[in-house]
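So for the sequence shown, full-length UniProt numbering puts the first residue at 1; every next one is plus one.
Ideal placement from N, C-alpha and C gives every residue a C-beta, glycine not left out.
These notes are about the structure you will find just below.
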Amino acid sequence: MTSDKKGGNGPLSFDDIYEKYFDRVYRFVNVRVMNHMDSEDIAVKIFEKIYRSLDTYSPEKGSLDVWIFTIARNEVTSFFRTKKIQVVSMECISEINDSTSSPENIMETNIKNERLYNAIGNLNDNERFAVSCKYGAGLTNIEIAELMGISSSNVGVVLFRSMKKLKKELEG
1 MTSDKKGGNG PLSFDDIYEK YFDRVYRFVN VRVMNHMDSE DIAVKIFEKI
51 YRSLDTYSPE KGSLDVWIFT IARNEVTSFF RTKKIQVVSM ECISEINDST
101 SSPENIMETN IKNERLYNAI GNLNDNERFA VSCKYGAGLT NIEIAELMGI
151 SSSNVGVVLF RSMKKLKKEL EG
């Protein structure tokens, strides 16, 4: 891929977009897919699509965040459609650990992370999507609302209920 591709209305460099968004897109996908290797593959496909269609982006139609995460949502949906199963892998959690921690701290962190991933896996699709947008991609409630086709106050309700479910499951 060349890095001089410009898009839409203004000097949008693919390299700039990749730098700014890759981590957010990856986290969004990983919260949805919950498998490190699949998340990387999907994120690469998302950025291939962004690269190929960057010249079609128009700020008048919506923000760059919403445009990118619409592509991401569609790619994740396509992944689940073709896969037809949800794989939960804890391999990505091991990357969170600090190598300076004691083995006991690492084990405790792994157990907490595994419980969190399992709890996220128990959310319904709408809840997991909202959580992945908010905490994986760092989107605002207004941007999430645009992606989900609901009001921003409804997004707040979905997120509140999701967090309440997660808290209850993690405390129980």
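Helix, strand or coil, according to DSSP, for residue i in the structure here?
i    : result
N163 : Reading off the sequence shown, one finds Met at residue 163, where the question assumed Asn. Helix.
N124 : coil
T140 : coil
May I have the straight-line CA-CA distance separating residue i from residue j, to the nearest angstrom?
i    : j    : result
F47  : K165 : 33 angstroms
V44  : Y26  : 9 angstroms
Y57  : V76  : 20 angstroms
F160 : K167 : 10 angstroms
R115 : G138 : 22 angstroms
V128 : I120 : Looking at the sequence provided, one finds Arg at residue 128 rather than Val. In a straight line, the C-alpha of R128 is about 7 angstroms away from that of I120.
L64  : L170 : 35 angstroms
I85  : D23  : In this predicted model, I85 has a pLDDT of only 48, less than 50, meaning its place in the structure is not dependable; the value taken from the coordinates is given anyway. Approximately 25 angstroms, taken between the alpha carbons.
V33  : K134 : 15 angstroms
S153 : K83  : 33 angstroms
Use the C-beta contact count for residue i: other C-beta atoms within 10 angstroms, 16 or more gives buried, fewer gives exposed.
i    : result
G172 : exposed
K112 : exposed
S39  : buried
R81  : exposed
D55  : exposed
E91  : For E91, the pLDDT reaches just 44, beneath the cut-off of 50, and the residue's location in the model is therefore unreliable, leaving the point undetermined.
Give me, in chain order, the residues of the same chain whose beta-carbon lies closer than 7 angstroms to that of residue i; leave out the 5 immediate sequence neighbours on both sides.
i    : result
L123 : V131, S162, K165
V155 : A130, N141, I144, A145, M148
Q151 : According to the sequence shown, residue 151 is Ser rather than Gln. The residues are A145.
Within its chain, find whatever has a CB closer than 8 angstroms to the CB of residue i; leave out the 5 residues flanking it on each side and keep chain order.
i   : result
K49 : I71, E75
L12 : K6, L54, Y57, L64
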